[in-house]
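So the sequences go chain by chain: A and B.
Residues 1141 to 1254 in the numbering used here are what the first sequence lists, from first letter to last.
Residues 77 to 188 in the numbering used here are what the second sequence lists, from first letter to last.
Every residue, glycine too, gets a C-beta built ideally from N, C-alpha and C.
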Amino acid sequence: DAGVTQSPTHLIKTRGQHVTLRCSPISGHKSVSWYQQVLGQGPQFIFQYYEKEERGRGNFPDRFSARQFPNYSSELNVNALLLGDSALYLCASSLTGLHGETQYFGPGTRLLVL
Amino acid sequence: AQSVTQLDSQVPVFEEAPVELRCNYSSSVSVYLFWYVQYPNQGLQLLLKYLSGSTLVKGINGFEAEFNKSQTSFHLRKPSVHISDTAEYFCAVSEAGYALNFGKGTSLLVTP
Chain A
1141 DAGVTQSPTH LIKTRGQHVT LRCSPISGHK SVSWYQQVLG QGPQFIFQYY
1191 EKEERGRGNF PDRFSARQFP NYSSELNVNA LLLGDSALYL CASSLTGLHG
1241 ETQYFGPGTR LLVL
Chain B
77 AQSVTQLDSQ VPVFEEAPVE LRCNYSSSVS VYLFWYVQYP NQGLQLLLKY
127 LSGSTLVKGI NGFEAEFNKS QTSFHLRKPS VHISDTAEYF CAVSEAGYAL
177 NFGKGTSLLV TP
């Protein structure tokens, strides 16, 4: 079975631009979470979606937004990019996202903002 | 608010030696606890997790961890490491049951 897939694998943008990252969950999983991992740090929670609704949001500015589609895939959008947005963006999926279910991570999208 | 402290940023160890990676957390409520491993240029893979029940949790690749509620710790151990265990290890806590709050990671370097 295919794991969590993310696209693109790498991306270079300039300050002020907009970026869209994509994630396809494991088949049957209805919950998708997004994390930002800055170099040398642990991942930080950005969003979780379940059944197309936002369940939770971390401490990120409104420049960050996301959505989940009827097929449970998800997009993360970041507007007005800053140098500090350079990071590895990880997507994770799970069945419902609750009660300590295992979250399965994709390989990530590495974003570089110049 | 919950927080996770991984007490060692780097742990060098010789092959076939035992290793312990330390993790402490702070939370005012019951939590779920996790250890993830990240190999270079890859995503995270779950090693083990504690939800409830027995405080000694066994995971993949010979790793185990012990939940100590009084010391708010969840240390990861392996009795004999291999070169292939070289990776970044992350401890994570979840209060609400969905969002994971990660520590800063411990880099395990296994040398011959």
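Residue burial classification, residue i (beta-carbon count within 10 angstroms, cutoff 16)
| i | result |
| --- | --- |
| residue 161 (chain B) | buried |
| residue 1201 (chain A) | exposed |
| residue 88 (chain B) | exposed |
| residue 179 (chain B) | buried |
| residue 145 (chain B) | exposed |
| residue 1169 (chain A) | buried |
| residue 188 (chain B) | exposed |
| residue 1186 (chain A) | buried |
| residue 1180 (chain A) | exposed |
| residue 157 (chain B) | buried |
| residue 115 (chain B) | exposed |
| residue 1219 (chain A) | exposed |
| residue 1183 (chain A) | buried |
Chain B contact for residue i (CB, 8 angstroms cutoff)
| i | result |
| --- | --- |
| residue 1176 (chain A) | no |
| residue 1247 (chain A) | yes |
| residue 1224 (chain A) | no |
| residue 1239 (chain A) | yes |
C-beta neighbour in chain A for residue i, strict 8 angstroms
| i | result |
| --- | --- |
| residue 118 (chain B) | yes |
| residue 185 (chain B) | no |
| residue 108 (chain B) | yes |
| residue 129 (chain B) | no |
| residue 172 (chain B) | yes |
| residue 97 (chain B) | no |
| residue 139 (chain B) | no |
| residue 134 (chain B) | no |
| residue 166 (chain B) | yes |
| residue 180 (chain B) | yes |
Within chain B, the residues that residue i reaches when beta carbons sit closer than 7 angstroms
| i | result |
| --- | --- |
| residue 1156 (chain A) | Ordered by position in chain B, no residue passes the 7 angstroms Cβ test against residue 1156 (chain A), which lies about 28 angstroms from the chain. |
| residue 1150 (chain A) | By Cβ distance, chain B contributes nothing, its closest Cβ being about 10 angstroms from residue 1150 (chain A), past 7 angstroms. |
| residue 1207 (chain A) | Those do not exist, as residue 1207 (chain A) stays about 18 angstroms from chain B at its closest Cβ, beyond 7 angstroms. |
Partners in chain B for residue i, counting only beta-carbon separations shorter than 8 angstroms
| i | result |
| --- | --- |
| residue 1185 (chain A) | 175, 176, 177 |
| residue 1162 (chain A) | Going along chain B, no residue has its Cβ under 8 angstroms from residue 1162 (chain A), so there is no contact; the nearest lies around 15 angstroms. |
| residue 1195 (chain A) | 174 |
Chain-ordered chain B contacts of residue i [CB-CB under 9 angstroms]
| i | result |
| --- | --- |
| residue 1188 (chain A) | 174, 175 |
| residue 1242 (chain A) | 110, 122, 125 |
| residue 1168 (chain A) | Those do not exist, as residue 1168 (chain A) stays about 17 angstroms from chain B at its closest Cβ, beyond 9 angstroms. |
| residue 1230 (chain A) | 119, 120 |
Residue interval of the beta strand (DSSP E) (run including residue i)
| i | result |
| --- | --- |
| residue 90 (chain B) | 86-90 |
| residue 1233 (chain A) | 1227-1234 |
| residue 169 (chain B) | 163-170 |
| residue 1253 (chain A) | 1249-1253 |
| residue 79 (chain B) | 79-82 |
| residue 1162 (chain A) | 1159-1164 |
| residue 70 (chain B) | Beyond the ends of chain B as shown, which are 77 and 188, falls residue 70 (chain B); an answer cannot be given. |
| residue 195 (chain B) | Here chain B comprises residues numbered 77 to 188, so residue 195 (chain B) is not present and cannot be evaluated. |
* Asked: Counting only runs that start and end within the region 1174-1215 of chain A, where is the beta strand (DSSP E) found for 3 or more residues in a row?
  -> Entirely contained in the region 1174-1215 of chain A, the beta strand (DSSP E) runs reaching 3 residues are, in chain order, 1184-1190, 1193-1197, 1204-1208.
* **Those runs of the beta strand (DSSP E) which lie wholly inside the region 123-158 of chain B and span at least 3 residues** => 132-134, 140-144, 149-154
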